[in-house]
Amino acid sequence: MSCSDSKKSKKRKSSKSGNMGDVLGKECGDGEKDEMPQETCSEDVREEADGAPNVDEQSSQSSGELDSYELKRSDDVKDEMIQSDENSTLPLITAAASQREEKPCTCEACKDKRELAAEQLEEMRRLQSYWMELRQYIRMVYRMAMEGRTVENSGAEDYEDKMKDLVQKLCARDPHQLFQRLESQVQEFVIEAKVRQLELLHREQQTPELAQIFLTGLLEGYDKLCLAAKQLAPLLQQLETEHLHRFNLTWEVLNKHLYQSCVYTDPLVQNNLPHYIGQLRSVTAGKNQTYSELVHHYLAFDDEMTLIGAMWRDTETLVIEYK
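For what it's worth, the UniProt record's numbering labels the leading residue of the sequence shown as 1, then goes sequentially.
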C-alpha cells in the first residue's frame, strides 16, 4: 500500500469516525432530551403516588409551617393569659365597686353594734394575752419543781402581784374556764411523771434495788407536785374563794387528785406495788433503817390517796352538776 493510499484510507476512516461521532452525539442529545422529561415525569408520578413533595420542598414547607405555628401559639397564649387576668380581676373590681357603693349604715343602732363588736374582739385579745402570761409562769413553776429546782426569790413579790392581778381579771370573765385551763396544765406534768415512773419498770427491771427505786420515784413525784401546788396556791386564792369552794375543792386537793387518778391508780403501778412493798418489808426485818422509812412514807401516801379518791367522788358530782 502506497503512502497516498494510506492517506486516503485514513481520511475515509476519520470521516467515518466523524460521522459516527455526530450520530452518537445526536443520539446522545436526543436521548438526554427524551430522558429528562421522563425523569421529571417519574418524579411527578412518585410525588403523586407518595402524596409528599421532595426533600427540599418538604423541608422548606415544614420550616415555614413551624414558624407560623409557633407564632400562632404564642399569640394564643397571650390572648389566654390576658383573658384569664381579666376573668380573675373582674370579680375583685366588682367587689371593690360594690363595697364603694354599699357604704356602712350610719344609723346609731348600726354604729353601736360595730363598736360593741370591736370592743368584744379587743377584750378577747386582752384576755388571751392575760392567759398566755399566766400560763407561762405556771408552767415555769411546775417545771422547776418537777426538776427539783426552786423559783428564785429576787423580784418574785412584784411578779406574784402581777400574776394575782391576771387571775383576778380572768376570774371576773369566766372562772370555770380558768379552772379547766389550769387543770389541763397540771395534768400535762402529771402525765410526764407517770411516763417516767413506768419507764423505770423497763429500764431497771434487772436491778436488784428496783423496789426501792420505783417507790422512791413514785413518792418524790408526788411531793414535787404538791410543792408546786403549794407555791401557786396564794396566787390562785381568788379562784379558790370564788369558784373552787362551790365544789368543796382547793388548789392543792385538785393537784393531789390528778396524781391519784393518773399515776397511783395506773394498772401497771398497782400490779407492782404489792410485790415491791413485800420485798422492802422483808429487808426491813433485817433492821434496814432506809427501807423502813421508805415503807412508812409509802403507807402514809397510800392512806392519802385513798382519802383523796373518796373526796373526789363528791366533788366530781358537784362539777358535773355545775356544767
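For glycine and all other residues, C-beta sits at the position ideal for the given N, C-alpha and C. These figures come from a predicted structure and were not determined experimentally.
> Where do the ends of the alpha helix (DSSP H) carrying His202 lie?
Replying inline: 175 to 203
>> Taking the alpha helix (DSSP H) that Gln128 belongs to, which residues open and close that run?
In response: 108 to 146
> Applying the criterion that 16 or more other CB atoms from any shown protein chain within 10 Å of the CB defines a buried residue, is Ala310 buried or exposed?
Replying inline: exposed
>> Quick check on the DSSP output: the alpha helix (DSSP H) that includes His257 runs from which residue to which?
In response: 251 to 259
> Which residues in the same chain have their Cβ closer than 7 Å to the Cβ of Leu198, if we skip the five residues on either side of it in sequence?
Replying inline: Leu268
> What is the rounded straight-line gap between the Cα of Gly217 and the Cα of Leu232?
Replying inline: 23 Å
> Taking DSSP as the reference, what is the three-state secondary structure of Asn271?
Replying inline: helix
> Are the beta-carbon atoms belonging to Ile138 and Leu178 less than 9 Å from one another?
Replying inline: no
> Out of Phe214, Gln187, Gln180, Ser184, which has the shortest C-alpha to C-alpha gap to Arg196?
Replying inline: Phe214
> On the premise that Ile308 lies in contact with Val253, defined as a C-beta separation below 8 Å, what is that separation, rounded to the nearest angstrom?
Replying inline: 7 Å
>> Are the CB atoms of Pro104 and Glu160 within a distance shorter than 9 Å?
In response: no
> Looking at the structure shown, is Leu24 part of a helix, part of a strand, or coil, going by DSSP?
Replying inline: Unreliable placement is indicated for Leu24, whose pLDDT of 37 sits below 50; the coordinate value is still reported in the next sentence. The answer is helix: DSSP assigns Leu24 an H, G or I state.
> When burial is assigned at 16 or more other CB atoms within 10 Å of the CB, is Cys171 buried or exposed?
Replying inline: buried
> Using DSSP with H/G/I as helix, E/B as strand and the rest coil, what is Lys323?
Replying inline: coil
> Buried or exposed: where does Gly278 fall if 16 or more other Cβ atoms within 10 Å of its Cβ makes it buried?
Replying inline: exposed
> What does a CB cutoff of less than 7 Å around Glu147 pick up in its chain, not counting 5 residues either side in sequence?
Replying inline: none
> So Gln212 packs on Leu280, CB below 8 Å; how close in whole Å?
Replying inline: 7 Å
>> For a quick check, are the C-beta atoms of Tyr298 and Leu219 less than 9 Å apart?
In response: yes
> Whose C-alpha, out of Glu240, His257, Lys162, is nearest the C-alpha of Glu316?
Replying inline: His257
> In its own chain, which residues sit with a C-beta less than 7 Å from the C-beta of Glu236, not counting the 5 before and 5 after it?
Replying inline: Strictly speaking, residue 236 in this sequence is Leu, with Glu absent from that position. If we look at Leu236 and ignore the five residues flanking it on each side, its Cβ neighbours are Val167, Trp251.
> Is Val295 near Ala228, with beta carbons less than 9 Å apart?
Replying inline: no
> Could you check where the alpha helix (DSSP H) with Leu244 kicks off and where it finishes?
Replying inline: Premise fails: Leu244 is in no alpha helix (DSSP H) and is neither H nor E.
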